[in-house]
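*Asks:*
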Amino acid sequence: KKLGITVADLAVATDISLGMLSKIENGITSPSLTTLQALSRALGVPVTAFFRRFEEERSAVFVKAGQGLDVERRGTRAGHQYNLLGHIGSNTSGVVVEPYLITLTEDSDVFPTFQHEGMEFLYMLEGEVVYRHGSNLYPMKPGDSLFFDADAPHGPEQLTKLPMRYLSIICYPQSAG
75 KKLGITVADL AVATDISLGM LSKIENGITS PSLTTLQALS RALGVPVTAF
125 FRRFEEERSA VFVKAGQGLD VERRGTRAGH QYNLLGHIGS NTSGVVVEPY
175 LITLTEDSDV FPTFQHEGME FLYMLEGEVV YRHGSNLYPM KPGDSLFFDA
225 DAPHGPEQLT KLPMRYLSII CYPQSAG
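If you use the working numbering, the sequence shown corresponds to residues 75 to 251, in order.
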């Protein structure tokens with residue numbers, strides 16, 4: 075109706091009978107891919123247009139500056155702030171992603187090493203650090219990034235220039251539970 079085409083016009087344009095179009099429209103029968111392609115050509119829409127109302131709702135999380143959730147992670151020390159910037163729990167990708175803004179304002183003698191499943195990506199925003207991953211050390215300055223398998227021991231080895239801020243994005247498989 076929106077396109078000003080009658081069902082009879084559509085039947086002629088697609089070479090599909092009125093009865094078959096009625097069955098498709100009322101959900102009595104499912105059209106083949108060939109039928110969907112003929113309908114999409116006649117209506118001037120992509121094949122995906124037929125599936126739009128059946129798509130699952132997709133989540134998005136918007137966090138205004140300074141309004142992330144402060145969290146305590148294992149090994150968190152005074153002067154070390156972990157700010158969770160968003161979280162989508164159950165999703166269809168099979169992957170959980172945790173984006174953090176990490177701020178370190180105080181030096182400490184012993185730094186925790188972390189080890190967890192998944193992958194991690196770091197992006198330096200401010201300050202300087204020597205970051206350990208396994209037996210390797212990476213001197214990081216603003217604009218530098220590090221992407222690694224998080225199952226190896228990792229963490230700050232030396233805080234070279236404070237204050238320090240970096241993005242940490244952790245990705246791991248979503249558990250089936």
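In this text, a Cβ means the ideal position worked out from N, Cα and C, and glycines have one as well.
Once the 5 residues before and after Pro216 are set aside, which same chain residues still bring their CB inside 7 Å of it?
*Replies:* Locating residue 216 in the sequence shown gives position 142, where the first residue counts as 1. Hits under 7 Å: Met198, Leu199, Glu200.
*Asks:* Which two residues bound the contiguous beta strand (DSSP E) that contains Val135?
*Replies:* If you number the sequence shown from 1, residue 135 lands on position 61. It is not in any beta strand (DSSP E) - Val135 carries neither H nor E in the DSSP assignment.
*Asks:* Less than 8 Å between the beta carbons of Tyr205 and Glu180, yes or no?
*Replies:* For the purposes of this step, residue 205 is taken as the residue at position 131 of the sequence shown. For the purposes of this step, residue 180 is taken as the residue at position 106 of the sequence shown. No, the Cβ-Cβ distance between Tyr205 and Glu180 is not below 8 Å.
*Asks:* Got a sec? Which residues, its chain only, sit under 8 Å from Asn157 by beta carbon, not counting five neighbours each side?
*Replies:* Numbered from its first residue, the sequence shown carries residue 157 at position 83. Cβ within range, chain order: Gly142, Leu143, Asp144, Val145, Tyr174, Leu175, Ile176, Thr177.
*Asks:* Go through its chain and collect everything with a Cβ distance to His228's Cβ below 8 Å, but skip five positions before and after it.
*Replies:* In the sequence shown, residue 228 corresponds to position 154, counting from 1. By the criterion of a C-beta distance shorter than 8 Å, His228 is surrounded in its chain by Thr187, Phe188, Gln189, Glu194, Tyr205, Arg206, His207, Gly208, Phe222, once the five residues flanking it on both sides are discounted.
*Asks:* Start and end of the alpha helix (DSSP H) containing Thr177?
*Replies:* Locating residue 177 in the sequence shown gives position 103, where the first residue counts as 1. First-last for Thr177: 169-178, but that is the beta strand (DSSP E), not the alpha helix (DSSP H).
*Asks:* According to DSSP, which residues form a beta bridge with Gln232?
*Replies:* One-based indexing of the sequence shown puts residue 232 at position 158. Residue pairing for Gln232: DSSP places it in a beta bridge opposite Val204.
*Asks:* Which residue comes first and which comes last in the beta strand (DSSP E) that contains Pro219?
*Replies:* For the purposes of this step, residue 219 is taken as the residue at position 145 of the sequence shown. Reading the sequence as shown, one finds Ser at residue 219 and not Pro. 219-223 is the span of the beta strand (DSSP E), which, as asked, contains Ser219.
*Asks:* Let me know the secondary structure DSSP gives Asp89 once reduced to three states.
*Replies:* For the purposes of this step, residue 89 is taken as the residue at position 15 of the sequence shown. It is coil, neither helix nor strand.
*Asks:* For Pro247, write down the residues that DSSP places opposite it in a beta bridge.
*Replies:* Position 173 of the sequence shown holds residue 247. According to DSSP, Pro247 bridges with Val169.
*Asks:* Grab me the residues of Thr234's own chain with a C-beta within less than 8 Å of its C-beta, minus the 5 sequence neighbours each way, in chain order.
*Replies:* What you label residue 234 is simply residue 160 of the sequence shown in a count that begins at 1. These residues qualify, in order along the chain: Gly201, Glu202, Val203, Val204, Pro213.
*Asks:* Note down, in chain order, each residue of its chain lying with its Cβ closer than 7 Å to the Cβ of Ser242, except the 5 sequence neighbours on either side.
*Replies:* Along the sequence shown, one-based indexing puts residue 242 at 168. Once the five neighbours on either side are set aside, the close Cβ partners of Ser242 are Tyr174, Ile176, Glu194, Leu196.
*Asks:* Hey, would you say Gln248 sits closer than 8 Å to Val169, going by beta carbons?
*Replies:* The sequence position of residue 248 within the sequence shown is 174, counting from 1. The sequence position of residue 169 within the sequence shown is 95, counting from 1. Cβ distance < 8 Å, so Gln248 and Val169 count as in contact.
*Asks:* Considering only C-alpha positions, which residue in the set Ser106, Ser96, Gly93, Leu117 is nearest to Leu77?
*Replies:* In the sequence shown, counting from the first residue as 1, residue 77 sits at position 3. The shortest C-alpha separation from Leu77 is found at Leu117.
*Asks:* Just to confirm the assignment, what range does the alpha helix (DSSP H) spanning Gln111 have?
*Replies:* Position 37 of the sequence shown holds residue 111. Where Gln111 is concerned, the enclosing alpha helix (DSSP H) stretches over 107-117.
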